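For what it's worth, the numbering used here labels the leading residue of the sequence shown as 63, then goes sequentially. Where a beta carbon is used, it is the ideal one built from N, C-alpha and C, also for glycine. Keep in mind that this is a model prediction, so the values were computed, not measured. Data block below; observations after.
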Amino acid sequence: EISTGLDSSTTYSIVNSLRQSVQILKGTAVISLLQPAPETYNLFDDIILLSDGYIVYQGPRDDVLEFFESMGFKCPQRKGVADFLQEVTSKKDQQQYWSKRNERYRFITSKEFAEAYESFHVGRKLGDELATPFDKTKCHPAALTNDKYGIGKKELLKVCTERELLLMKRNSFVYMFKFSQLTIMALITMTLFFRTEMPRDTTDDGGIYAGALFFVVIMIMFNGMSELAMTIFKLPVFYKQRDLLFFPSWAYALPSWILKIPVTLVEVGLWVILTYYVIGFDPNISRFLKHFLLLIVVNQMASGLFRFIGAMGRTMGVASTFGSFALLLQFALGGFVLSRDDVKSWWIWGYWTSPMMYSVNSILVNEFDGKKWNHIVSGGNETLGTTVVKSRGFFPEAYWYWIGVGALVGFTIVFNFCYSLALAFLNPFDKPQAVLPEDGENAENVEVSSQITSTDGGDSITESQNNNKKGMVLPFEPHSITFDDVVYSVDMPQEMKEQGAGEDRLVLLKGVSGAFRPGVLTALMGVSGAGKTTLMDVLAGRKTGGYIDGDIKISGYPKKQETFARISGYCEQNDIHSPYVTVYESLVYSAWLRLPQNVDETTRKMFVDEVMELVELRPLRSALVGLPGVNGLSTEQRKRLTIAVELVANPSIIFMDEPTSGLDARAAAIVMRAVRNTVDTGRTVVCTIHQPSIDIFEAFDELFLMKRGGQEIYVGPLGRHSCHLIKYFESNPGVAKIKEGYNPATWMLEVTASAQEMMLGVDFTDVYKNSDLYRRNKALISELGVPRPGSKDLHFETQYSQSFWTQCMACLWKQHWSYWRNPAYTAVRFIFTTFIALIFGTMFWDLGTKVSKSQDLLNAMGSMYAAVLFLGVQNASSVQPVVAVERTVFYRERAAGMYSAIPYAFGQVSIEIPYIFVQSVFYGIIVYAMIGFEWDVGKFFWYLFIMFFTLLYFTFYGMMSVAVTPNQNVASIVAAFFYGVWNLFSGFIVPRPRMPVWWRWYYWANPVAWTLYGLVASQFGDIQTTLSDNETVEQFLRRYFGFKHDFLGVVAAVLTAYVFVFAFTFAFAIKAFNFQRR
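Listed below in structure tokens is the structure:
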């Protein structure tokens, strides 16, 4: 399908070049095409025709019509052979080609064609060739290679290394962004743990240093997470090249690892230089270098792990889930969140296999074994450093540093080896193809009368008997659109200025003029880059930037975009729809929001049914729309849905951008039949079109032809068999006459190409401007540019068809179905939550009942801290792709004037609340019971309340991050930065009383800090049990963390406020920012 999106003349030149290459180099080429024009089709020597999994014909192109004539089917005179071949095996289209008038027609299946082909002389010849063994004497021994790869191992490694270097150089923005992010985090970290605020006198002081070192490990480890997305991004190209035996997986994997080591050196060096001495770690140079070495190995281990997870997961969704579980186990069993002494026997294996445990143990030993920590603690016989390390459950012996480094080097090698194995043996996930068969579901659609081509080769369009009814249940007022001397320009791109362009503006449309009328189907054509879509966007008011000059009128009155959006429809090329609603629901939703308020629900649904009949969507009424190319509707069915979604608004003027692009000939014919039916209701319809067949081209009434540079060269009627168009261009001296049976659309683009203009020494724009046709069009523009007597300018009482409340209800209704039918998001979230709850429950089993020493409280807080971060971040990350997909639909629907931004945001925000409530209850009940918190109604309520609002603000934060950024990738990067900051200031790594005064304000501005405050204070803040150091639990929490039980009311108010702040910011950003560039 190399021709999708190309005009027919470009497709012809590409296939012709391939043909010459094959003939000169004695090569073999097999090409699949969707809508080959006759002249392109004629370039091929052999044809393979596939239908329903059978090879219906394989052999010389010249014999294919003979085969089908022997079966009783004849290609009409003005029918492209390629189009005939695609339709003759179809149940809906076959009968019109039946040529044996003396025999009754019956449907011939693909299987019957295939069986008949075997007895046809071409099939017999092919069978004989296949039955005869190949004569090996005719083949040179060197013709077949004995080596798997084209070059040796050294060259393979060299080439892959050079390519990886090139990709890293061209992807330098990512690395610069990571450096910047790391620098900012380093500045925040070093000012939070500032050495003048960090004494070394007590075990509490040691705990702060331990928290700083733990955060350093987290930052360096999570800095490797970018490898996940970068690995997955490169996989499609890797799989293609691996399967074509470009290189083995090890030659690809090794440079991916080795070349990242210098990047790690720079990143870790930057971090260590900025933070080490400012925080006040041991000043001994050897400890500084050991600290540096350890963090290098940590980063390399993490990068290898994320590369391996990316290669295993193969898609962002699967890999992110894998990655979350891997990080969760590392994080929770790393020895800091839950000390070794408190790890349950059934999880101890996770402790010993956690790379984070070795990282944290090594970095603690390196610091606390230093001179500044070697004074003896009062009342004990161990140094302060040893006491601090032991209190956290780690091993204080100096040799544990090298054990940790060795283990991390081992993990690095294992992860990168597994990455190479995953690349070698795993294949990409099979993409399900969107196929929804309609044959046999709606018998009336099989009627010959509804076909786009008549049997006698006469008129290209025979009106459908079913749909030929101009009176529909809702009347509409026909409108014409005229435009005179329209100029569209944009600011000159910087690249063009650097190449010497002197102007400030680049003109894309140079004074185009024309008129589109009711009941007239107009084709807007031109070579790629002529400005077809640009003109359509300008007329439809869809341009988001640039400068528009000229006169555009609707039925004689100046065009106002607010009112024009209410009477016009725009069918975009990309077929953007919400994936989890049905075809019928999509149409009901569009009609609900776009038809006037005085249209009652019964009439509205009758009108929707009429439109479905008009565009032949009735058999697909209950089909889910799905994602393009993944599931749901096929491309052709989506095109018809796009048309129907605009038609149910009862518009007077409809613009369609390439409605047949990406379709095969038969699918394109079905779409054009729907378009023709639309025009026959008396509407004004304009279509841009790329490479139409003769049938499709001659289905149009008029042509608006443009050339590259944004100028029109023919605006007028086509005529029967395109006679007016052909006559106009053939009247120009030197223009080649059209050949018999040649496609007029292709001929027209060929004879008006820039090369032809230069060869003939003419400018077709000047020819047109000096023609009678141009003067007639100017007169028509003048005539239609004056309002009809008694007519009124378009005016509506309100900007939108429906009230604000109705818009809110409609948006919520659609979101309800979108979420209910999206188990990949909603159900997976519940499963993930339940799984996390069970993991935490078994890890921290019965921990809530143990409050005999301060470490027990730190363990309990650790469980809350880990759960909040992981569940919250997972919620925020998983909602981002959902919001990103819906936002593209929102841009289309808002441009169509369906609703304002606030109702859309209301629907998106409101639908999350019940799902998050269920998620919170799932998690809360499981974890609360398994950890063994006190079974008190008040405490249980506080736990559920805080978890609910925490998950809610994390989800709304994820939605907000999408709304304020141009795409999901940027949103995830921005969001990830704040997760790191929230983690640092949450109060677990460094308690609020130990934060420097200049950073304490951010503790109060951090939503995660309020969550941990609420969870810990609600469960332990009123307990009077005395701990091992003669402090009560309540006193310890007040002294060490600054938590007070009677502050819970304020905590509840602040958490609620965060939910509203993030939700309102999301709504404001959706309303204020438009990241579409047209």
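**Study point:** Status (buried if at least 16 other CB within 10 Å, exposed otherwise) for V1113
**Key:** As a first step, residue 1113 must be located in the sequence shown, where it is residue number 1051. V1113 comes out buried.
Practice item. Write down the C-beta distance between A484 and A627 rounded to the nearest angstrom, noting that I regard them as a contact closer than 8 Å. Key: For this step, residue 484 is matched to residue 422 along the sequence shown. For this step, residue 627 is matched to residue 565 along the sequence shown. No, A484 and A627 are not in contact; Cβ-Cβ is about 50 Å, not under 8 Å.
**Study point:** Check whether R477 and F370 have beta carbons under 8 Å apart
**Key:** Sequence index remark: in the sequence shown, residue 477 carries index 415 (1-based). Sequence index remark: in the sequence shown, residue 370 carries index 308 (1-based). The question names Arg, but residue 477 is Phe in the sequence shown. The answer is yes: Cβ separation under 8 Å.
Check your understanding: Considering only residues of the same chain and omitting the five flanking positions on each side of A394, which have a CB-CB separation below 7 Å?
Key -> Indexing the sequence shown from 1 puts residue 394 at position 332. For A394, where only same-chain residues beyond five positions count, the Cβ hits under 7 Å are L400, M905, A928.
Review point. Measuring CA to CA, which of P690, V673, S916, Y619 is closest to I638?
Key: Position 576 of the sequence shown, counting from 1, holds the residue named residue 638. The shortest Cα separation from I638 among P690, V673, S916, Y619 belongs to P690.
Review point. Which of helix, strand or coil does DSSP assign to W409?
Key: The residue given as residue 409 occupies position 347 in the sequence shown. Helix, per DSSP.
Exercise for review: Report the option in F995, L68, M960, W408 whose CA atom is closest to the CA atom of G1083.
Suggested key: For the purposes of this step, residue 1083 is taken as residue 1021 along the sequence shown, with counting starting at 1. Among F995, L68, M960, W408, the Cα nearest to that of G1083 is on F995.
Check your understanding: In terms of alpha-carbon separation, which member of D671, D546, K406, N884 lies closest to A706?
Key -> The residue you call residue 706 lines up with position 644 of the sequence shown. Minimum Cα distance to A706 is reached at D671.
Review point. Exposed or buried, which one is C201 when buried takes at least 16 other CB atoms within 10 Å?
Key: Against the sequence shown, residue 201 aligns to sequence position 139. Exposed, since its Cβ has fewer than 16 Cβ neighbours within 10 Å.
Review point. Among residues of its own chain, excluding the 5 on either side of E429, which ones have a beta-carbon nearer than 8 Å to its beta-carbon?
Key: On the sequence shown, position 367 is the one that residue 429 refers to. Within its own chain, the residues whose Cβ lies closer than 8 Å to the Cβ of E429, once the five positions on either side in sequence are excluded, are Y271, L275, F343, D344, R349, H353, W435, G447, listed in chain order.
**Study point:** Rounded C-alpha distance that separates A1025 from S940
**Key:** Residue 1025 sits at position 963 when you count from the first residue of the sequence shown. Residue 940 sits at position 878 when you count from the first residue of the sequence shown. Straight-line Cα distance between these residues: approximately 15 Å.
Review point. Just to check, is the beta-carbon of K322 closer than 7 Å to a non-hydrogen atom of the ligand GTP?
Key: Of ligands this structure carries none, so the ligand GTP is not represented either.
Practice item. Using only alpha-carbon positions, find the residue among S696, G134, L188, L649 that is nearest to N164. Key: Numbered from 1 along the sequence shown, position 102 holds the residue referred to as residue 164. Nearest option by C-alpha distance: G134.
Practice item. My understanding is that L900 touches I1008, with C-beta atoms under 8 Å, so please give their C-beta distance in whole angstroms. Key: The residue you call residue 900 lines up with position 838 of the sequence shown. The residue you call residue 1008 lines up with position 946 of the sequence shown. That belief does not hold up - the Cβ atoms of L900 and I1008 are roughly 21 Å apart, past 8 Å.
Review point. Is the stretch 871-880 in contact with the stretch 657-676, if contact means three or more CB pairs nearer than 8 Å?
Key: no
Point to revise | Close-in-space but distant-in-sequence residues of the same chain around W408 (CB under 6 Å, 5 per side omitted) | key: Residue mapping note: residue 408 aligns to position 346 of the sequence shown, counting from 1. Taken in chain order, the list of residues that qualify is empty.
Check your understanding: By Cβ distance below 8 Å, which residues in the same chain neighbour V643 in space, the five residues on each side in sequence not counted?
Key -> Within the sequence shown, residue 643 is the residue found at index 581, counting from 1. Around V643: Y651, L686, V687, K876, W879, S880, R883.
Point to revise | Supposed contact pair T265 and T449 - C-beta distance, whole angstroms, cut 8 Å | key: Position 387 of the sequence shown holds residue 449. Position 203 of the sequence shown holds residue 265. That belief holds up - the Cβ atoms of T449 and T265 are roughly 6 Å apart, short of 8 Å.
Check your understanding: Of the residues G1020, H783, V422, which one's Cα is nearest the Cα of V971?
Key -> Locating residue 971 in the sequence shown gives position 909, counting from the first residue. Measuring from the Cα of V971, the nearest candidate turns out to be G1020.
Check your understanding: Can you name the residues that DSSP bridges to W160?
Key -> By one-based count along the sequence shown, residue 160 stands at place 98. In DSSP, W160 forms a bridge with F135.
Review point. Taking three-plus beta-carbon pairs below 8 Å as touching, is the stretch 1022-1037 in contact with the stretch 950-963?
Key: no
Exercise for review: Return no unless some Cβ of chain B is closer than 8 Å to the Cβ of T625.
Suggested key: In the structure shown, chain B does not exist; there is a single protein chain.
Practice item. Mind checking which residues open and close the beta strand (DSSP E) that includes L571? Key: For the purposes of this step, residue 571 is taken as residue 509 along the sequence shown, with counting starting at 1. Note, L571: beta strand (DSSP E), 567-578.
Check your understanding: CB A815 to CB V589, shorter than 8 Å?
Key -> The count along the sequence shown starts at 1 and reaches residue 815 at position 753. The count along the sequence shown starts at 1 and reaches residue 589 at position 527. Yes, Cβ-Cβ distance for A815 and V589 is below 8 Å.
Check your understanding: Looking only at DSSP bridge pairs, what is V548 linked to?
Key -> In the sequence shown, residue 548 corresponds to position 486, counting from 1. Answer is V574, bridged to V548.
**Study point:** Own chain, CB closer than 8 Å to L218, minus 5 neighbours either side, in chain order
**Key:** Start at 1 with the first residue of the sequence shown, and residue 218 comes out as number 156. Within the same chain, Cβ atoms closer than 8 Å to the Cβ of L218 are found at Y211, F309, P310, A313, the five residues on either side in sequence being excluded.
Review point. Rounded to the nearest angstrom, how far is the Cβ of S755 from that of D145, given a contact under 8 Å?
Key: Stepping through the sequence shown from its first residue, residue 755 is reached at position 693. Stepping through the sequence shown from its first residue, residue 145 is reached at position 83. With 8 Å as the limit, S755 and D145 qualify as a contact, their Cβ atoms being about 5 Å apart.
Check your understanding: Closest to I543 by CA distance: which of A1125, F1039, V748 is it?
Key -> Here residue 543 is taken as the residue at index 481 of the sequence shown, counted from 1. Per the Cα distances, V748.
Point to revise | Proximity of V278 and I410 at Cβ, strictly below 8 Å | key: Taking the sequence shown and counting its residues from 1, the one referred to as residue 278 is at position 216. Taking the sequence shown and counting its residues from 1, the one referred to as residue 410 is at position 348. Cβ distance not < 8 Å, so V278 and I410 don't count as in contact.
Check your understanding: Helix, strand or coil: how does DSSP classify E774 here?
Key -> Residue numbering aside, residue 774 sits at position 712 when the sequence shown is read from its first letter. If DSSP states are grouped into helix, strand and coil, E774 belongs with the strands.
Review point. Can you round the beta-carbon distance between Q869 and S962 to whole angstroms, since I take them to be within the 8 Å contact cut?
Key: Start at 1 with the first residue of the sequence shown, and residue 869 comes out as number 807. Start at 1 with the first residue of the sequence shown, and residue 962 comes out as number 900. The Cβ separation is near 7 Å, so the contact holds.
Review point. Would F129 pass as a contact of K153 if the rule is Cβ separation under 8 Å?
Key: Mapped onto the sequence shown, residue 129 falls at position 67. Mapped onto the sequence shown, residue 153 falls at position 91. Contact: no.
Exercise for review: Within its chain, find whatever has a CB closer than 8 Å to the CB of R949; leave out the 5 residues flanking it on each side and keep chain order.
Suggested key: For the purposes of this step, residue 949 is taken as the residue at position 887 of the sequence shown. Closer than 8 Å at Cβ, skipping near neighbours: V1024, A1025, I1132.
Check your understanding: Within 10 angstroms of its Cβ, does A889 collect 16 or more other Cβ (buried), or is it exposed?
Key -> Residue numbering aside, residue 889 sits at position 827 when the sequence shown is read from its first letter. It counts as exposed.
**Study point:** Identity of the residue in G986, L1014, Y1015 nearest K1001 by Cα
**Key:** Here residue 1001 refers to the residue found at position 939 when the sequence shown is read from its first residue. Comparing Cα-Cα distances from K1001 to each of G986, L1014, Y1015, the minimum goes to G986.
Review point. So what's S630 in DSSP terms, helix, strand or just coil?
Key: Translated into the one-based positions of the sequence shown, residue 630 becomes position 568. Three-state DSSP puts S630 in a strand.
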